[in-house]
Amino acid sequence: MHIMDRARAFVESLRRMSQRSENDRRCCPLCHTPGAIKHGFRVRRPYTFRGRIEVRVQRYLCEACGGTYSEDHPDLPVGSWYARSVQRYAIDQWMYTGSSFRRVAEWVRSMVGKQERWQVWHPTSTPSPEEERCRLSHSTVQRWVDKGAQRVEGQVEGLYAGVPSSGLLGADGLWVRLRGGTVRVLLMLRDSATGLLWPPVVALGEEAASAWAALFAQAQRAGLAGGAARSGERRGPRATQLPA
Ligand SMILES: [Zn+2]
Numbered sequence: 011m012h013i014m015d016r017a018r019a020f021v022e023s024l025r026r027m028s029q030r031s032e033n034d035r036r037c038c039p040l041c042h043t044p045g046a047i048k049h050g051f052r053v054r055r056p057y058t059f060r061g062r063i064e065v066r067v068q069r070y071l072c073e074a075c076g077g078t079y080s081e082d083h084p085d086l087p088v089g090s091w092y093a094r095s096v097q098r099y100a101i102d103q104w105m106y107t108g109s110s111f112r113r114v115a116e117w118v119r120s121m122v123g124k125q126e127r128w129q130v131w132h133p134t135s136t137p138s139p140e141e142e143r144c145r146l147s148h149s150t151v152q153r154w155v156d157k158g159a160q161r162v163e164g165q166v167e168g169l170y171a172g173v174p175s176s177g178l179l180g181a182d183g184l185w186v187r188l189r190g191g192t193v194r195v196l197l198m199l200r201d202s203a204t205g206l207l208w209p210p211v212v213a214l215g216e217e218a219a220s221a222w223a224a225l226f227a228q229a230q231r232a233g234l235a236g237g238a239a240r241s242g243e244r245r246g247p248r249a250t251q252l253p254a
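Residue numbers (this note's numbering): 11 to 254.
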């Protein structure tokens with residue numbers, strides 16, 4: 011599915027979720043029988059841009075199948091400690107500003123928990139109590155990015171067709187150490203003006219011209235207009251070394 015159609019379907023699903031009537035909410039998602047009854051609350055304490063808040067989530071009991079379920083919320087993904095908006099903010103910051111996962115995590119913790127850099131911005135503010143501090147780690151941000159990438163894995167063909175390109179493209183590589191000690195380099199092509207990241211490729215090294223050619227070929231398969239990858243600004247190609 012084209013990336014714009016995916017985006018529309020995603021936004022539409024959130025809109026449907028937020029506009030559901032009481033009858034819709036009482037329709038069991040397990041057996042689709044209407045008329046489930048209210049069955050207490052579940053308390054969630056997600057991290058949001060308003061800090062860590064307490065949310066009472068309505069539970070329902072379906073008398074037809076005996077199943078119970080919780081009401082879902084467009085900004086609170088099931089099973090996550092972080093609001094969807096916080097997750098999207100982190101992913102966008104990683105993509106758009108090109109920050110490292112560690113810096114993104116630090117920035118989000120500062121915004122959400124009013125801690126760390128927040129005290130640089132607001133020197134007279136009182137630090138949050140220990141139990142309210144946000145503990146987002148860089149590996150969690152990486153997991154959110156990975157999850158998005160896995161959803162489109164193997165569906166590169168025409169994914170970005172028709173998406174405008176500024177013509178200013180930067181190619182870069184990032185060395186990563188995988189579980190088990192295997193080392194690979196992630197080659198990326200990024201629109202320098204919009205921050206759009208074209209589908210990356212994983213290679214054994216960054217010296218071979220064939221590895222970069224595979225990156226440009228993949229971008230063209232995804233819909234980058236022919237020649238744009240060669241005519242744009244290219245910082246590099248170069249690779250960022252793994253820290254020792
Ligand atoms: Zn049911």
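We treat Cβ as the ideally placed atom computed from N, Cα and C, and that holds for glycine.
Tell me which residue opens and which closes the beta strand (DSSP E) that Ala-171 is part of.
Walking along the sequence shown from the start, residue 171 turns up at place 161. Careful: Ala-171 lies outside any beta strand (DSSP E) and carries neither H nor E.
Tell me whether the beta-carbon of Val-122 lies closer than 7 Å to the beta-carbon of Val-151.
Residue mapping note: residue 122 aligns to position 112 of the sequence shown, counting from 1. Residue mapping note: residue 151 aligns to position 141 of the sequence shown, counting from 1. Their beta carbons are not under 7 Å apart, which means Val-122 does not touch Val-151 by this criterion.
Just mark Gly-168 as buried or exposed, buried being the case when its beta carbon has 16 or more other beta carbons within 10 Å.
Translated into positions along the sequence shown, residue 168 becomes position 158. Classification of Gly-168: exposed, given that the 10 Å Cβ count is below 16.
On the DSSP letters alone, give me the boundaries of the alpha helix (DSSP H) that His-148 sits inside.
As a first step, residue 148 is located in the sequence shown; it is residue number 138 there, counting from the start. Unbroken alpha helix (DSSP H) run through His-148: 148-162.
Looking only at C-alpha atoms, which of His-148, Asp-201, Ala-235 and Leu-197 sits nearest to Ala-218?
Position 208 of the sequence shown, counted from the start, is the residue given in the question as residue 218. It is Leu-197.
For ligand 1, is there a heavy atom less than 6 Å away from the beta-carbon of Gly-77?
One-based indexing of the sequence shown puts residue 77 at position 67. Correct: Gly-77 has its Cβ closer than 6 Å to ligand 1.
Classify Arg-240 as helix, strand or coil using the three-state DSSP reduction.
Against the sequence shown, residue 240 aligns to sequence position 230. Bear in mind that the predicted position of Arg-240 carries a pLDDT of just 47, short of 50, making it too unreliable to give a figure here.
Can you tell me which of the three DSSP states Trp-185 falls into?
For the purposes of this step, residue 185 is taken as residue 175 along the sequence shown, with counting starting at 1. In the structure shown, Trp-185 sits in a strand (DSSP, three-state: E or B).
If we ignore side chains and look at the alpha-carbon of each, how far apart do Ser-202 and Gly-76 end up?
Within the sequence shown, numbered from 1, the residue matching residue 202 stands at position 192. Within the sequence shown, numbered from 1, the residue matching residue 76 stands at position 66. So the alpha carbons of these two residues sit roughly 54 Å apart.
Beta strand (DSSP E) segment containing Asp-201, residue limits:
Position 191 of the sequence shown, counted from the start, is the residue given in the question as residue 201. 193-201 is the extent of the beta strand (DSSP E) around Asp-201.
Does the Cβ of Leu-40 lie closer than 6 Å to at least one heavy atom of ligand 1?
On the sequence shown, position 30 is the one that residue 40 refers to. It does: the Cβ of Leu-40 is within 6 Å (strictly closer) of some heavy atom of ligand 1.
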